[in-house]
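Each residue of the sequence shown is one higher than the last, beginning at 1 in UniProt numbering. Glycine included, C-beta positions come from ideal geometry on N, C-alpha and C. Note sheet for the following structure.
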Amino acid sequence: MSKSDTPNRGRPRSERARQAILTATLTLTRHETLRSITADSIAKTAGVSKATLYKWWPNKVAICLDAFSELMAKEVAIPNHHSVRLDFIEELKEMIRFYLSAQGRLFREFIAESQYDSLIQQEFRARFLEGRRKACQVIWDRAVKRGEVNEKIDVEIAMDLIYGPAIFRLFTNHAPLNHSIAEQIVNTVFYGMSSGIKK
Numbered sequence: 001m002s003k004s005d006t007p008n009r010g011r012p013r014s015e016r017a018r019q020a021i022l023t024a025t026l027t028l029t030r031h032e033t034l035r036s037i038t039a040d041s042i043a044k045t046a047g048v049s050k051a052t053l054y055k056w057w058p059n060k061v062a063i064c065l066d067a068f069s070e071l072m073a074k075e076v077a078i079p080n081h082h083s084v085r086l087d088f089i090e091e092l093k094e095m096i097r098f099y100l101s102a103q104g105r106l107f108r109e110f111i112a113e114s115q116y117d118s119l120i121q122q123e124f125r126a127r128f129l130e131g132r133r134k135a136c137q138v139i140w141d142r143a144v145k146r147g148e149v150n151e152k153i154d155v156e157i158a159m160d161l162i163y164g165p166a167i168f169r170l171f172t173n174h175a176p177l178n179h180s181i182a183e184q185i186v187n188t189v190f191y192g193m194s195s196g197i198k199k
């Protein structure tokens, strides 16, 4: 009897199998790279058949992305301090902490692999990036309603300005990246860089 077939009154069998697959995938990502993980290794670790995998996902990348996305949603919650500045500082701190963790490194692998594989790029956007940006946009939308930010500002550009510096440091390592940089980034975005001197 496979792990997914073990009786459990708490959840329907299909949902138990799905969760077993996602949990198994996260277990594998602690020690293996995206390239080394296979559908076979996921199925074996989860105690299910490969056919079960393909009931929900078209390929191993999709499985890894869904597992990663769900993990990040748990690890990096969207705060609500009723302050756009404080919310973005906390969210950015937690994002940096997560991306620097053992499992968070998978983010860099997704980006790297997507540069050479259009399918991975599409899956990355659809299964992770779009959802994550929408979640973070909640902070911005609340700030607009409170009158903290200009509603005419392009929210996509705002997101890039807030998260871009940390991601750039993550990939280039041209300067230190740690959670303490979050406040500096957010303050620079919201307080601006102008000295107020007109020329």
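C-beta atoms of residue i and residue j nearer than 8 Å
i           : j      : result
THR25       : ILE42  : yes
TRP56       : ARG105 : no
ILE162      : VAL186 : yes
PHE128      : SER69  : yes
ALA46       : ALA67  : no
LYS74       : THR38  : no
VAL149      : VAL84  : yes
residue 204 : TYR99  : Nothing can be reported for residue 204: it is not among the residues displayed for the chain, which extend from 1 to 199.
Integer-rounded CB distance, given that residue j should sit under 8 Å from residue i
i      : j     : result
GLU113 : LEU34 : 6 Å
Local conformation of residue i per DSSP, three classes
i      : result
SER2   : Only weak support is given to the placement of SER2: the predicted model assigns it a pLDDT of 45, under 50, and the question is left unresolved by the model.
ASN187 : helix
ARG35  : coil
ALA17  : helix
GLY47  : coil
MET72  : helix
Residue i classed as buried or exposed, judged by whether at least 16 other C-beta atoms fall within 10 angstroms
i      : result
VAL138 : exposed
ASP154 : exposed
LYS93  : buried
ALA102 : exposed
PRO58  : exposed
The alpha helix (DSSP H) enclosing residue i, as first and last residue numbers
i           : result
TYR54       : 50-56
PRO165      : 155-172
residue 275 : The chain is shown only over 1 to 199; residue 275 falls outside these bounds and no answer can be derived.
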